[in-house]
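If you count by my numbering, then the sequence shown holds residues -14 to 426, one letter each, in order. Report on one structure; see the data block that follows.
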Amino acid sequence: MKVLLITSSARGHAIADALARSQHNPEIISVSTSHNPGIIKLASQQHVIDIMDFDRVLEIAKKSKPDFAIIGPEDPMGAGLTNILEEAGVPTVAPRKELARIEASKGFTRELLEKHGIDASPKFKVFSSTEGRLMNTFIDQDLEGNFVIKYDALKGGKGVKVSGEHIHSTEEGVAYAKECIEECGKVVIEEKLIGQEFSLLSFVTGTKCIDMPAVQDHKRAFEGDTGPNTGGMGTYSAADHSLPFLTQADIDRASEINQLTAQALLKECGAPFVGILYGGFIAVKDGVRLIEYNARFGDPEALNILPLLSSDFVEICQGMLNGELTKSMVSFDSKATVCMYITPKGYPENKDQRGETVSFPEVPENARIFYGDISEEKDGTLKLGGSRTAGLVGIGDTISQAQQVAQKLCEQVKGPVRFRSDIGTSPVIEKRVQMLSELRS
Ligand code: AMP
Ligand code: GLY
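Okay, structure coming up:
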């Protein structure tokens, strides 16, 4: 059994780890944009190339003849790598380009849900004319000045601007919306929602959708949810696979929205979605709304979820590819997890620590370390890159136990690094529970 794994980063390391635990003992052929010291140890080959160079990827695929491929990040999916690999006879766990629009185009997603009667969106409108008057009216009158502007194409997580955070007046909002239209032809303007965000990812094959444990991410750089947004400083999940601030009805509704969206995609595109459907939700005053969809594993979410997977990941991938995935093929340990990202001290503002040495403690049985932007010298010394260094995951019976494991591990890392020590701590979680309960009372 051979698997072509097209991804780097800590998320890629977590996927490689899940593959390596399979009883099918697959040979992993890694294709990644940089050497990943974690993936290298699990793979038989690592090809470091530009993964957007599809000719090169195809060449490696043809030479290695994998049983299937997995694509980690959104850019190659959005640009049609799945289509190219499948046309060359390589079944691929990742949606085809048409279906990956669920992540690549915010306008497509909002219109898909509307067309198929899935009531999960905030008030929204898609604009394609730079004539500002209609946008102005929509923001001021319909949204009463609480709005979000969304670039309508992939932008590395930097296309969304929220009023009161990144934008401070209607004029600024309209100016950014015009910029979006000039660059990518369309913009989504929508109501700003207030609530608690969470991620619910599902393994999907056509209309079959099997959920993973729910996770909450922490995007802000510093303790107390302050500072600029990052790729995600850390995440937690609970032993019951829900989250402390959610009701059963919330989690059921998020699950249903993923299910309905998979059905809508099949109807709309005439082809089944195969891969990971990642719903970014927000629990609000009167239920659950969809913030956005991704068509891949989340980073850090995958770092929480995949270590808990107690069934065989290769069989899940095969089940997604042949449409025979069943609930009994997917099981997760009833454990809580906390993932804390170690980053260079200056992250995200500066990259001054790039190239400095970092070292990690031994990994106990109830923890994992997944390597991100880090390189390895010939003698095994690890060096920092400019971005997130490694995700350190604690596993326990409660979130609090998992938090202590992750924190202890983070404190033992040597080098010019930092982490957000509040992720998964009781005061932070209680604040979130209280916030939502006040909103709903
Ligand atoms: P991204 O993951 O870069 O697409 O950015 C999405 C982030 O923007 C989310 O995690 C939210 O924090 C915020 N966001 C997006 N849409 C909304 C919305 N309608 N209301 C409130 N916040 C939103
Ligand atoms: N956790 C955010 C993302 O993967 O996009």
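Glycine included, C-beta positions come from ideal geometry on N, C-alpha and C.
query: Sorry if obvious, but does the Cβ on S240 come closer than 8 angstroms to a heavy atom of ligand 3?
result: In terms of ligand content, the structure shown lacks ligand 3 and carries ligand 1 and ligand 2 instead.
query: Are at least three pairs of beta-carbons, each pair with one atom in the region 168 to 188 and one in the region 268 to 278, less than 8 angstroms apart?
result: Yes, the region 168 to 188 touches the region 268 to 278.
task: Please check the pair G57 and R281, which I expect to be a contact at CB under 8 angstroms, by giving their CB distance rounded to whole angstroms.
output: What you label residue 57 is simply residue 72 of the sequence shown in a count that begins at 1. What you label residue 281 is simply residue 296 of the sequence shown in a count that begins at 1. G57 to R281, Cβ: 6 angstroms. Contact.
- request: Check each residue's C-beta against every heavy atom of ligand 2 and list, in chain order, those closer than 5 angstroms.
  value: Result (chain order): D202, G217, G283, D284.
query: How is V390 classed by DSSP in three states: helix, strand or coil?
result: Here residue 390 refers to the residue found at position 405 of the sequence shown. V390 falls in the helix class under three-state DSSP.
field: Proximity below 9 angstroms, CB of V323 to CB of N289
entry: Position 338 of the sequence shown, counted from the first residue, corresponds to residue 323. Position 304 of the sequence shown, counted from the first residue, corresponds to residue 289. Yes, they are a contact pair.
- prompt: Is K204 helix, strand or coil by DSSP?
  reply: As a working mapping, residue 204 is identified with position 219 in the sequence shown. Three-state DSSP puts K204 in a strand.
- prompt: Taking G158 as the reference, which of K416, E168, V173 has the closest Cα?
  reply: Sequence index remark: in the sequence shown, residue 158 carries index 173 (1-based). Of K416, E168, V173, the residue nearest in Cα terms is V173.
heavy atom of ligand 1 below 8 angstroms from K270 C-beta: For this step, residue 270 is matched to residue 285 along the sequence shown. Taking 8 angstroms as the cut-off, the C-beta of K270 does not count as close to any heavy atom of ligand 1.
message: I want to check one thing, is the minimum distance from the CB of E427 to the heavy atoms of ligand 1 below 8 angstroms?
response: This structure cannot speak to residue 427, because the chain is shown only from -14 to 426.
- prompt: Just to check, is the beta-carbon of P107 closer than 8 angstroms to a non-hydrogen atom of ligand 1?
  reply: Residue mapping note: residue 107 aligns to position 122 of the sequence shown, counting from 1. Checking every heavy atom of ligand 1 against the Cβ of P107, one is found closer than 8 angstroms.
query: Taking just the CA atoms, how far does A105 sit from P332?
result: Here residue 332 corresponds to residue number 347 of the sequence shown, with the count starting at 1. Here residue 105 corresponds to residue number 120 of the sequence shown, with the count starting at 1. At residue 332 the sequence reads Tyr, which differs from the Pro that was named. Rounded to whole angstroms, the separation of the alpha carbons of A105 and Y332 is 35 angstroms.
- request: With a cut-off of 7 angstroms, give the chain-ordered residues whose Cβ is closer than this to any heavy atom of ligand 1.
  value: Any residue whose Cβ sits closer than 7 angstroms to a heavy atom of ligand 1 makes the list: P107, V133, K135, G142, K143, G144, V145, V147, E175, E176, K177, L178, E182, K204, G265, I267, I276, E277.
query: In terms of residue numbering, what span does the alpha helix (DSSP H) encompassing I69 cover?
result: One-based indexing of the sequence shown puts residue 69 at position 84. Taken as a continuous stretch (DSSP letters only), the alpha helix (DSSP H) holding I69 covers 66 to 72.
- prompt: DSSP puts H32 in a beta bridge; with which residues?
  reply: Stepping through the sequence shown from its first residue, residue 32 is reached at position 47. Note: H32 sits in a beta bridge opposite V16.
query: Looking at C-alpha atoms only, which residue of E176, P76, A249, A64 is the closest neighbour of P51?
result: As a position in the sequence shown, residue 51 is number 66, starting the count at 1. Restricting attention to E176, P76, A249, A64, the CA atom closest to the CA of P51 is found in P76.
query: Taking the runs of the alpha helix (DSSP H) that are 4 residues or longer, which of them lie wholly in the region 35 to 59?
result: Whole alpha helix (DSSP H) segments, 4+ residues: 39 to 49.
task: Quickly, what does DSSP pair Q181 with across the bridge? List them, please.
output: As a position in the sequence shown, residue 181 is number 196, starting the count at 1. According to DSSP, which records beta bridges pairwise, Q181 is partnered with A268.
Cα-Cα separation, D407 to A73: Along the sequence shown, read from residue 1 onward, the residue named residue 407 stands at position 422. Along the sequence shown, read from residue 1 onward, the residue named residue 73 stands at position 88. Answer to the nearest angstrom: the Cα atoms are 47 angstroms apart.
- prompt: When you compare only the Cα positions, how much space is there between E241 and L421?
  reply: Counting from one through the sequence shown, the residue named residue 241 turns up at place 256. Counting from one through the sequence shown, the residue named residue 421 turns up at place 436. Rounded to whole angstroms, E241 to L421 spans 21 angstroms at the Cα level.
message: Are the CB atoms of E59 and E88 within a distance shorter than 9 angstroms?
response: Translated into positions along the sequence shown, residue 88 becomes position 103. Translated into positions along the sequence shown, residue 59 becomes position 74. Yes. Within cutoff.
message: Let's see if you can read the secondary structure: which residues bound the beta strand (DSSP E) around L377?
response: Residue numbering aside, residue 377 sits at position 392 when the sequence shown is read from its first letter. Unbroken beta strand (DSSP E) run through L377: 375 to 381.
Nearest to A268 (by Cα), restricted to the options E168, L310, L424: Sequence index remark: in the sequence shown, residue 268 carries index 283 (1-based). Closest option to A268, Cα to Cα, is L424.
- request: Could you tell me whether the Cβ atoms of L128 and E175 are closer together than 9 angstroms?
  value: Here residue 128 refers to the residue found at position 143 when the sequence shown is read from its first residue. Here residue 175 refers to the residue found at position 190 when the sequence shown is read from its first residue. Yes. Within cutoff.
message: I'd like to know if G400 contacts chain D, where contact means its C-beta is closer than 9 angstroms to some C-beta of that chain.
response: Among the chains in the structure shown there is no chain D, since it carries only a single protein chain.
field: Alpha-carbon to alpha-carbon, I(-9) and G308
entry: In the sequence shown, the residue the question calls residue 308 occupies position 323. In the sequence shown, the residue the question calls residue -9 occupies position 6. The alpha-carbon atoms of G308 and I(-9) are separated by roughly 22 angstroms.
- prompt: Is the beta carbon of I34 less than 9 angstroms from the beta carbon of I45?
  reply: Numbered from its first residue, the sequence shown carries residue 34 at position 49. Numbered from its first residue, the sequence shown carries residue 45 at position 60. Yes; because the gap between Cβ atoms is below 9 angstroms, this pair is in contact.
field: Nonlocal neighbours in the same chain, by C-beta distance under 7 angstroms from A3, ignoring five residues either side
entry: The count along the sequence shown starts at 1 and reaches residue 3 at position 18. Excluding positions up to five away in sequence, the list reads L291, L294, F298.
- prompt: Hey, quick one: how far does the beta strand (DSSP E) through L(-11) stretch, first residue to last?
  reply: Working through the sequence shown from its first residue, we reach residue -11 at position 4. From DSSP, the beta strand (DSSP E) with L(-11) extends over -13 to -9.
task: Put Q75 into one of helix, strand or coil per three-state DSSP.
output: Walking along the sequence shown from the start, residue 75 turns up at place 90. A quick correction: the sequence has Val, not Gln, at residue 75. Coil, per DSSP.
- prompt: With distances taken between CB atoms, is the gap from V42 to P61 smaller than 9 angstroms?
  reply: On the sequence shown, residue 42 is found 57 positions in, with the first residue counted as 1. On the sequence shown, residue 61 is found 76 positions in, with the first residue counted as 1. Yes, they are a contact pair.
query: Considering only the beta carbon of each residue, do G264 and S187 sit closer than 9 angstroms?
result: Sequence index remark: in the sequence shown, residue 264 carries index 279 (1-based). Sequence index remark: in the sequence shown, residue 187 carries index 202 (1-based). Taking 9 angstroms as the Cβ cut-off, G264 and S187 qualify as a contacting pair.
- request: Give every residue of the same chain whose Cβ lies closer than 7 angstroms to the Cβ of R238, excluding the five residues on either side of it in the sequence, and list them in chain order.
  value: Here residue 238 refers to the residue found at position 253 when the sequence shown is read from its first residue. Contacts found: G272, V273.
message: Tell me whether the region 184 to 203 and the region 103 to 122 touch, counting them as touching only if at least three CB pairs, one residue from each stretch, are closer than 8 angstroms.
response: Counting C-beta pairs with one atom in each stretch, the region 184 to 203 and the region 103 to 122 have fewer than three that are closer than 8 angstroms, which means they do not touch.
- prompt: According to the Cβ coordinates, are E167 and T94 closer than 9 angstroms?
  reply: To locate residue 167, count along the sequence shown from 1; it is residue 182. To locate residue 94, count along the sequence shown from 1; it is residue 109. Pairing E167 with T94 gives a Cβ-Cβ distance that is not under 9 angstroms.
- request: Buried or exposed for E286, please, with buried defined as at least 16 other CB atoms from any protein chain shown within 10 angstroms of its CB.
  value: Working through the sequence shown from its first residue, we reach residue 286 at position 301. By the neighbour-count rule (16 or more Cβ atoms within 10 Å), E286 is buried.
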